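As numbered in mature numbering (1 follows the signal peptide of the UniProt record, and there is no 0), residues -23 to -1, 1 to 454 make up the sequence shown, in order.
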Amino acid sequence: MKLFLTTTFLIFFTTLLPLNANGAKCHVDDESSLLGFKSSIKSDPSSMLKSWISGTDCCTWAGVGCIFDNKRVSSLSLSGDLENPKSYLSGTISPSLSKLQYLDGLYLQNLQNISGPFPDSLFKIPNLQFIYIENNKLSGQIPENIGKMTKLGALSLEGNRFTGTIPSSISELTQLTQLKLGNNFLTGTIPELIKNLKNLTFLSLKGNQLSGNIPDFFSSFTNLRILELSNNKFSGKIPPSISSLFSNLMYLELGHNSLSGKIPDFLGKFKALDTLDLSKNQFSGTVPKSFANLTKIFNLDLSDNFLVDPFPLMNVKGIESLDLSRNMFHLKEIPKWVTSSPIIFSLKLANCGIKMKLDDWKPLETYFYDFIDLSGNEISGSVVGLLNKTEYLVEFLGSENLLKFDLESLRFGNRLKSLDLSHNLVFGKVTKSVVGIQKLNVSYNHLCGEIPKNSFDASVFVGNNCLCGPPLYPCKA
Ligand SMILES: *[C@@H]1O[C@H](CO)[C@@H](O)[C@H](O)[C@H]1NC(C)=O
Ligand SMILES: *[C@@H]1O[C@H](CO)[C@@H](O)[C@H](O)[C@H]1NC(C)=O
Ligand SMILES: *[C@@H]1O[C@H](CO)[C@@H](O)[C@H](O)[C@H]1NC(C)=O
Ligand SMILES: *[C@@H]1O[C@H](CO)[C@@H](O)[C@H](O)[C@H]1NC(C)=O
Ligand SMILES: *[C@@H]1O[C@H](CO)[C@@H](O)[C@H](O)[C@H]1NC(C)=O
């Protein structure tokens, strides 16, 4: 077997060798096309295109991929790093790209400052299958005739500044498995004809200004795994045909719209559901009992609706992030299925009618907590024990409860950036470590004594028994 493999490799390399020995270069059309692209880039502070030098083999240039046999450019893939402020390209997409006749994938991602309209030159590339122009500043309308690019398997224009409506010709792109138009300024309704895109696995229209009802056309999309329609202006109910997505759907994001009605029972059948976001809508009634069967759910956000008791007993193995804040629940306690989760990192139960003593809460795991919001409940006792065990906690919001403990005994991990204990019964002194937090609020408690040097506004400390020193009144000598 080993000998056989070695021989195969030998043959492979000997056939390859002559090409390299001749110093074969990419096709002249491809080279001039790419140099044209480079010349319409006005600023490249991180030198992404520094290897793009005329006369060298363009197949070796950063981001350029070629077909092995004929050395024609088949992919162009440039990606900025959103964390690095210098990692961007300014300029437009040159029409010279149309000369890349063998291109099958164009990936211009996170370049931040590429502007201009949708590049019409792409219509002249016969076999283009993948377009990912994401997180740039392209603007204008998505071309009316986009449907002519019938070979497209994926189209993402996410994170640009496109305006106008979604062209209905998009429904002619029947090979599409991914359609991502999120985070633009698109208006109007979702074209009914999108139902023709039967191969879609990923549909994202989030973060636009789309309105009207969500069409009841989901029985066409049995392969859909990700559906993101959050942050728009959709109204009406969750369409019944969403029930046909029960076997594959993993992400259902409908948050921040104006949807109403009840949460449908059928969602409990979505065995693969990982993330369900229905936050900031006008859903009413109870959460269906069938949610007990959502055993794989990791992220559940039902915050800011009008949901009422009783909340179903869930059977999740481990929830990572839960937000039930600001509904009409009276949970009384932090639910047991939350307490027993080994992997939770974000727990938000603001205004959930919880009436327990925090010291009685014995979560299985506190190590991974990043965010805890328990504001607006009737939680008594102390947060000292909890915060002592949460090394990674970034934010603890506990305002408007009955928390009663000595602030001087509070110890917390060095990642804590935000602490709100306003409107409680906290006593003792404000320590140096407490004023070291970026965002703080200890107003309306029973604190006393001199406040250590700080740069907060008085509203952070007002309403206590006898706190003094800047930004409040000077202490008496
Ligand atoms: C982004 O592009 C615009 C238009 O091309 C230009 O005026 C602006 O200076 C660019 N911004 C940066 C940070 O390069
Ligand atoms: C689209 O779906 C059809 C039928 O399910 C299948 O034959 C075809 O290969 C799919 N196309 C792609 C690009 O996945
Ligand atoms: C959970 O699923 C099982 C099997 O499909 C079903 O019999 C049961 O009624 C479901 N439970 C709830 C609470 O809907
Ligand atoms: C904080 O944790 C440390 C070590 O885990 C422990 O020794 C200490 O008693 C705890 N303090 C409080 C107030 O719970
Ligand atoms: C602190 O909390 C009080 C009471 O809720 C509020 O009025 C004040 O604006 C808060 N201050 C800051 C800086 O958030």
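From the three backbone atoms N, C-alpha and C, an ideal C-beta is built for every residue, glycine too. All of these numbers come straight from a predicted model, not from anything done at the bench.
Identify which residue in the options has its Cα closest to the Cα of residue i.
i: T127; options: L150, I119, D21 and N87; result: L150
i: L417; options: K453, L398, T69 and S357; result: L398
i: L180; options: P265, P241 and L156; result: L156
i: L379; options: F404, W38 and S73; result: F404
i: G117; options: R392, P96 and N258; result: P96
i: F194; options: I331, S218 and G213; result: S218
i: L206; options: V315, T166, Y109 and A435; result: T166
i: A410; options: S420, D347 and K430; result: Note that residue 410 is Ser in the sequence shown, not Ala. Closest option to S410, Cα to Cα, is K430.
i: F341; options: G375, K294, L351 and F268; result: Strictly speaking, residue 341 in this sequence is Leu, with Phe absent from that position. The shortest C-alpha separation from L341 is found at K294.
i: L222; options: F243, T199 and L231; result: T199
i: L74; options: S31, N47 and E8; result: E8
i: Q106; options: L153, G32, N47 and V264; result: L153
i: E169; options: E427, K394, T142 and D434; result: T142
i: M25; options: V41, G32, D34 and T33; result: V41
i: G32; options: K2, Q89, N87 and N354; result: K2
i: D251; options: K266, K273 and S261; result: K273
i: K339; options: E310, G353 and A131; result: E310
i: L55; options: G262, K15, K101 and K246; result: K15
Excluding the five sequence neighbours on either side, which residues of its own chain have a C-beta within less than 6 angstroms of the C-beta of residue i, listed in chain order?
i: N137; result: N113, L115 and N161
i: P241; result: I215
i: L301; result: L279, L326 and C329
i: H4; result: R49
i: A(-3); result: Low per-residue confidence applies at A(-3): pLDDT is 37, beneath 50, and the placement is therefore not dependable, though the value from the model is reported in the following sentence. Result list for A(-3): empty, nothing under 6 angstroms.
i: I349; result: L324 and F373
i: N365; result: R388
i: N234; result: N209, F211 and N258
i: S145; result: P168 and L170
i: N190; result: G213
i: T343; result: K366 and T367
i: E121; result: P144
With respect to 8 angstroms, is the separation between the Cβ of residue i and the closest non-hydrogen atom of ligand 6 below this value?
i: N112; result: The model on display carries ligand 1, ligand 2, ligand 3, ligand 4 and ligand 5 but not ligand 6.
Should residue i be flagged as near chain C, meaning a C-beta pair shorter than 9 angstroms?
i: E427; result: No chain C appears in this structure, which consists of one protein chain only.
Is any heavy atom of ligand 1 found at a distance shorter than 8 angstroms from the C-beta of residue i?
i: S20; result: yes
i: Y65; result: yes
i: S92; result: yes
i: G57; result: no
i: G68; result: yes
Ordered along the chain, which non-local residues of its own chain (more than five positions away) have a Cβ less than 7 angstroms from that of residue i?
i: N442; result: H423, L424 and C425
i: H307; result: D286 and G330
i: G390; result: T367, E368, Y369 and L370
i: V315; result: I296, L299, I321 and L324
i: C35; result: C3, D7, E8, L11, V41 and V50
i: residue 542; result: The requested residue 542 is not part of the displayed model; the chain covers only -23 to 454.
Verify the contact flag: residue i, CB atom, against every heavy atom of ligand 5, threshold strictly below 8 angstroms.
i: H400; result: yes
i: F433; result: yes
i: N354; result: no
i: N442; result: no
i: D34; result: no
i: residue 458; result: Since the displayed the chain opens at -23 and closes at 454, residue 458 lies outside it and no answer follows.
i: residue 498; result: Outside the displayed span of the chain (-23 to 454) sits residue 498, for which this structure offers no information.
i: V437; result: yes
i: S395; result: no
Give a single yes or no on whether residue i has its beta carbon closer than 8 angstroms to a heavy atom of ligand 3.
i: K246; result: yes
i: A269; result: yes
i: K266; result: yes
i: P447; result: no
i: Y287; result: Reading the sequence as shown, one finds Pro at residue 287 and not Tyr. The answer is no for P287.
Looking only at its chain, what residues have a beta carbon closer than 8 angstroms to the beta carbon of residue i, apart from the 5 residues adjacent to it on each side?
i: V439; result: S420, Y421 and L449
i: L201; result: L177, T178, F179, L180, F195, L222, N225 and L226
i: P103; result: Q78 and K128
i: T408; result: L384, E385, L387 and P429
i: M305; result: F283, L284, V285 and D286
i: D281; result: S256, K257, N258, S302, R303 and N304
>> Please give me, in chain order, every unbroken run of the beta strand (DSSP E) with length at least 3 that falls completely inside the region 374 to 447.
In response: 395 to 397, 416 to 418, 423 to 427 and 443 to 445
>> Tell me whether the region 15 to 32 and the region 74 to 84 touch, counting them as touching only if at least three CB pairs, one residue from each stretch, are closer than 8 angstroms.
In response: no
> With contact counted as at least three CB pairs below 8 angstroms, one residue from each stretch, are the region 231 to 247 and the region 202 to 216 in contact?
Replying inline: With the cut-off at 8 angstroms, the region 231 to 247 and the region 202 to 216 touch.
>> As an exercise, report each continuous beta strand (DSSP E) stretch of at least 3 residues that is fully enclosed by the region 17 to 67, in chain order.
In response: 18 to 20, 41 to 43 and 50 to 56
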